[in-house]
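K.L.:
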Amino acid sequence: DAGVVRVITTGASQPLDVGRETRVVSAAQRRALAVRDGGCVGCHAPAVWCEAHHVRHWLDGGPTDLDNLLLACAGCHRDIHDRGWEPVRGPDSHWSLHPPDPAHPPHPPDPPEPAGSPPGQSRPWGSRPSDPPATPARPEAGQARSRASPV
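Residue numbers (the working numbering): 9 to 159.
1. Can you tell which of W103, G92, R91 has its C-alpha closest to the C-alpha of A60?
2. Quick one: what's got a C-beta closer than 7 Å to C58's C-beta in the same chain, skipping five residues either side?
3. Which residue wins for smallest C-alpha separation from R91, given the options P99, D109, L74?
4. Looking only at its chain, what residues have a beta carbon closer than 7 Å to the beta carbon of P54, apart from the 5 residues adjacent to it on each side?
5. Between R97, H89, D87, L105, which has its C-alpha nearest L74's C-alpha?
6. For the region 51-116, which segments carrying the beta strand (DSSP E) assignment without a break, of at least 3 residues, lie completely within its bounds, in sequence order?
7. Looking at the unbroken alpha helix (DSSP H) that takes in R161, where does it start and where does it end?
8. In angstroms, rounded to a whole number, what distance separates the CA positions of N76 and A36?
9. Take R31 and list the residues in its own chain whose beta-carbon comes closer than 8 Å to its own, dropping the five residues that flank it on each side.
10. Just the C-alpha distance for E94 and R39, rounded to the nearest angstrom, thanks.
11. Relative to the alpha-carbon of V44, which residue among P107, D100, H106 has its alpha-carbon at the smallest distance?
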């Protein structure tokens, strides 16, 4: 078996458009996506946190070409696949994500958090977990420095 693949390359001969031969995005394509998209097209998370998404899904005949790829963080990628968010290319060729029509949701809403779940287990995307309490640099008078030697 053999296949003929049209490959578009950068000046350094790095493949950028590989058609249908492979689903996996190359390192050169990821770098090009990071430059073009700057990060997640939905929430602007940094590119290093993002996954490459085939706008026209690879299983549906979509090519692994830059024109068919965008960067999405894990949360926005789930929104695309599970919650019906649509990638839309603007007149300036930049991608953005649009929520589904509220009158016709593609899936039922997520269930509420269980009543007994500990607080702080889930947090909005993009928010940082709270910092742990600060550890004193020196033990206070009368406290042990380690478990083995009391002060």
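Note that beta-carbon positions come from the ideal geometry of N, C-alpha and C, so glycine has one too.
P.N.:
The relevant details are as follows:
1. In the sequence shown, counting from the first residue as 1, residue 60 sits at position 52. Checking every option, the nearest Cα to that of A60 belongs to W103.
2. What you label residue 58 is simply residue 50 of the sequence shown in a count that begins at 1. Excluding the 5 residues flanking it on each side, C58 has same chain C-beta neighbours closer than 7 Å at G47, C48, L79, A80, C81, in chain order.
3. Sequence index remark: in the sequence shown, residue 91 carries index 83 (1-based). That would be D109, whose Cα lies nearest to the Cα of R91.
4. Translated into the one-based positions of the sequence shown, residue 54 becomes position 46. Excluding positions up to five away in sequence, the list reads G47.
5. Walking along the sequence shown from the start, residue 74 turns up at place 66. Closest by alpha carbon: R97.
6. Runs of the beta strand (DSSP E) inside the region 51-116: 58-62, 77-81, 94-97, 103-106.
7. For the chain, the structure presents residues 9 to 159; residue 161 sits outside this window and is missing.
8. Taking the sequence shown and counting its residues from 1, the one referred to as residue 76 is at position 68. Taking the sequence shown and counting its residues from 1, the one referred to as residue 36 is at position 28. Answer to the nearest angstrom: the Cα atoms are 15 Å apart.
9. One-based indexing of the sequence shown puts residue 31 at position 23. These residues qualify, in order along the chain: H62, W66, T72.
10. The sequence position of residue 94 within the sequence shown is 86, counting from 1. The sequence position of residue 39 within the sequence shown is 31, counting from 1. Distance between the alpha carbons of E94 and R39: 23 Å.
11. Here the question's residue 44 lines up with position 36 in the sequence shown. Strictly speaking, residue 44 in this sequence is Arg, with Val absent from that position. Ranking the options by Cα distance to R44, first place goes to D100.
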